[in-house]
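Trainee: Under this note's numbering, the sequence shown is numbered contiguously, ending at residue 157.
Below is a structure I'd like to ask you about.
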Amino acid sequence: MIGMPLSVDQVKTIDASVTRNVAVKLDVHKVTVKDMDAALNAILHDRRYMENMRNLSQRFHDQPLSPANTANYWIEYVIKYGNDVLRSPAMDLAWWQIYLIDVAACLLLCIAVIIIVAMFIMRFMMKMINHRRLLHLKKIK
17 MIGMPLSVDQ
27 VKTIDASVTR
37 NVAVKLDVHK
47 VTVKDMDAAL
57 NAILHDRRYM
67 ENMRNLSQRF
77 HDQPLSPANT
87 ANYWIEYVIK
97 YGNDVLRSPA
107 MDLAWWQIYL
117 IDVAACLLLC
127 IAVIIIVAMF
137 IMRFMMKMIN
147 HRRLLHLKKI
157 K
């Protein structure tokens with residue numbers, strides 16, 4: 017397989033395939049005829065790529081149940097236990113939880129507390145500086 021990723025998810029997928037030695041990655045913006053020829057020759061003539069791809073294919077097709085039996089199992093499961101068993105708990109979230117308003121409110125509260133504490137510290141420091149300045153001025157007089 018020769019991969020030329022165009023988006024972020026494709027980069028990760030092709031990198032994983034290169035790591036498994038089943039693909040060659042080419043940069044779509046810098047690809048040349050020489051690069052494409054080298055990649056094709058590597059894929060077609062290097063037996064590692066074919067053997068590794070056969071191994072992955074065998075793993076993928078080695079399933080405990082056929083797709084029809086898997087579908088049959090889940091249909092019978094839903095008939096036996098009802099469709100609420102497979103219902104995601106996310107379906108019961110409130111609108112403010114879905115849009116993460118509670119998280120945003122917590123973050124805003126933390127930021128507000130940090131700002132208020134910083135303001136109190138700065139105010140305290142300014143008072144200390146002014147107090148020392150006044151004491152220094154009184155000593156001079």
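Yeah, the Cβ is synthetic: ideal placement off N, Cα and C, and Gly gets one too.
Everything numeric in this text was worked out from a predicted model, so none of it was measured.
Helix, strand or coil for K154? Go by DSSP, reduced to three states.
Mentor: As a first step, residue 154 is located in the sequence shown; it is residue number 138 there, counting from the start. Helix at K154.
Trainee: Going by Cα to Cα distance, which pick from N146, Y89 and Y97 is closest to K81?
Mentor: On the sequence shown, residue 81 is found 65 positions in, with the first residue counted as 1. A small correction: the amino acid at residue 81 is Leu; Lys does not occupy that position in the sequence shown. When each option's Cα is compared against that of L81, the closest is Y89.
Trainee: Alpha carbon to alpha carbon, how far is Y97 from W111? Give it in angstroms, no decimals.
Mentor: Counting from one through the sequence shown, the residue named residue 111 turns up at place 95. Counting from one through the sequence shown, the residue named residue 97 turns up at place 81. Going from the Cα of W111 to the Cα of Y97 covers about 28 Å.
Trainee: Between R36 and L72, how many whole angstroms is the CB-CB distance? I'm expecting something under 8 Å.
Mentor: Taking the first residue of the sequence shown as 1, we reach residue 36 at position 20. Taking the first residue of the sequence shown as 1, we reach residue 72 at position 56. The Cβ separation is near 7 Å, so the contact holds.
Trainee: Rounded to whole angstroms, what is the Cα-Cα separation between V40 and V133?
Mentor: For this step, residue 40 is matched to residue 24 along the sequence shown. For this step, residue 133 is matched to residue 117 along the sequence shown. In a straight line, the C-alpha of V40 is about 55 Å away from that of V133.
Trainee: Helix, strand or coil: how does DSSP classify K46 here?
Mentor: The count along the sequence shown starts at 1 and reaches residue 46 at position 30. DSSP places K46 in coil when its eight states are reduced to three.
Trainee: Suppose contacts are defined by Cβ-Cβ distances below 9 Å. Is M17 in contact with V44 by that definition?
Mentor: Translated into positions along the sequence shown, residue 17 becomes position 1. Translated into positions along the sequence shown, residue 44 becomes position 28. Not in contact: M17 and V44 (Cβ atoms no closer than 9 Å).
Trainee: With DSSP collapsed to three states, give me the class of V40.
Mentor: Along the sequence shown, one-based indexing puts residue 40 at 24. The answer is strand: DSSP assigns V40 an E or B state.
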